[in-house]
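Contents: one structure, followed by commentary.
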Amino acid sequence: MTPDSIKEQNDTLASLNQALQECVASQDMGKAMDLALQRQKALIKIFECLENDPSNLANLKKISTETLECLSKEKVLIRNQSTKKRNDFLLRKNAIKAYMSPIAA
1 MTPDSIKEQN DTLASLNQAL QECVASQDMG KAMDLALQRQ KALIKIFECL ENDPSNLANL
61 KKISTETLEC LSKEKVLIRN QSTKKRNDFL LRKNAIKAYM SPIAA
């Protein structure tokens, strides 16, 4: 794999990571799943090319680190959204209980 090809693959991977994080943030999970699959295929292609050439070990480590960081960010985004949804549900539930309690008494 040539240095230009590696750079092109890295740019593609970076754009997929960015788009995926935007989809997760906007809760567009269908599109996020498609992008995650594309990212997985791109990573497999990059790793297969880089692992055959020991001189690219630094690139392999860099891409691995960046990918793990992106996965961590996505996990945090999803966890925060889940927590917010749960809190919103509990607030609505408590509001309904408070509204209904004088009626039940």
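With the first letter of the sequence shown counted as 1, position 31 gets the number 31 in our numbering; the numbers rise by one all the way through. For glycine and all other residues, C-beta sits at the position ideal for the given N, C-alpha and C. From a predicted model like this one, the values you see are computed outputs, not experimental measurements.
Residue i - DSSP class collapsed to helix/strand/coil
{"i": "Gln27", "result": "coil"}
{"i": "Asp133", "result": "The structure shown does not extend to residue 133, since the chain spans only 1 to 105, so no value can be given for it."}
{"i": "Asp53", "result": "coil"}
Whole-Å CB distance - residue i paired with residue j, under 8 angstroms assumed
{"i": "Ile46", "j": "Gln9", "result": "5 angstroms"}
{"i": "Gln27", "j": "Gln81", "result": "6 angstroms"}
CB contact flag (residue i, residue j, <8 angstroms)
{"i": "Leu13", "j": "Ala32", "result": "no"}
{"i": "Glu48", "j": "Leu60", "result": "no"}
{"i": "Gln38", "j": "Leu16", "result": "yes"}
**Asked** For the 8 angstroms Cβ check, are there 3 or more pairs between the region 54 to 63 and the region 71 to 79?
**Response** no
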